[in-house]
Amino acid sequence: MKSYGFIGAVALFSLLAASPAFAANECPGPNDMAWREYRGGSLTAPTPEERGDVIDLLSQYAHMMDNRDFNGLATLFVDNGNYYHCDPGNPNAVLGISAASLAKQFQTMFANLAATNSSATRQLSSILIGKTTDGNFEVALSVQVSIQTIGVSTVQLDYTAKLYATITKDGQLLKFVVLKVAPDQSGIQASAR
């Protein structure tokens, strides 16, 4: 096991053990096919401008995560917003973090990346955006996260996941109400997410 994975596992275990914010049923099950709602379901297509605004928010999320700007990341959520990290192998192992505590929790969880001279890079793809009758947006997409360590020539795939988000207009800006990260395999630690 690589040192950053071990440190991340310890950090995640400590966080889960101390966190009162377990949210069972917040994550999609392995057989859920949420993408079906985006075509012929209850959601309508966004305008090209709305689609661009949603993609801009997703890009800000990816850049802030990649650059470990966790104070900035918290500003992408509404005040009562939530981030969920799921485990497809254990539906009860859901890490829930409120927007208010996001920066503090992530600074602790991601400290191992800086300690090992590593950085994470996210690539977002297959972005589906649907608009609800109340004007919010439901988003489903795929993400691939890679880890690069200084002095190591090979980039390593960290994990792949599905992201599910509910996005709303907050003043003039779009913000996350809920962001759920659902890795494609069980046992993924939140050390580089």
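Per the working numbering, the sequence shown starts with residue 524, numbered consecutively. We treat Cβ as the ideally placed atom computed from N, Cα and C, and that holds for glycine.
Can you check DSSP and say which residues form a bridge with Y687?
Per DSSP, A663, K703.
Taking Cβ positions, are S649 and S624 nearer each other than 8 Å?
Between S649 and S624, the gap from beta carbon to beta carbon reaches 8 Å or more.
Buried or exposed: which applies to Q630, given that a residue is buried once 16 or more other Cβ atoms fall within 10 Å of its Cβ?
exposed
Between the CA atoms of S642 and P569 - distance to the nearest angstrom:
Whole-angstrom Cα-Cα distance: 34 Å.
So, using beta-carbon positions, are V668 and A688 closer together than 8 Å?
no
Cα separation between S676 and I670?
11 Å
Rounded separation between G595 and N613 - CA only:
Answer to the nearest angstrom: the Cα atoms are 31 Å apart.
Provide the residue(s) that pair with S642 in DSSP beta bridges, ordered along the chain.
Q671
On the DSSP letters alone, give me the boundaries of the alpha helix (DSSP H) that Y584 sits inside.
571-589
Starting from E593, trace the alpha helix (DSSP H) both ways and give me its first and last residue.
One point to set straight first is that residue 593 is Phe, not Glu, in the sequence displayed. Counting along the chain, the alpha helix (DSSP H) containing F593 begins and ends at 593-597.
Note the first and the last residue of the continuous beta strand (DSSP E) segment covering L618.
618-621
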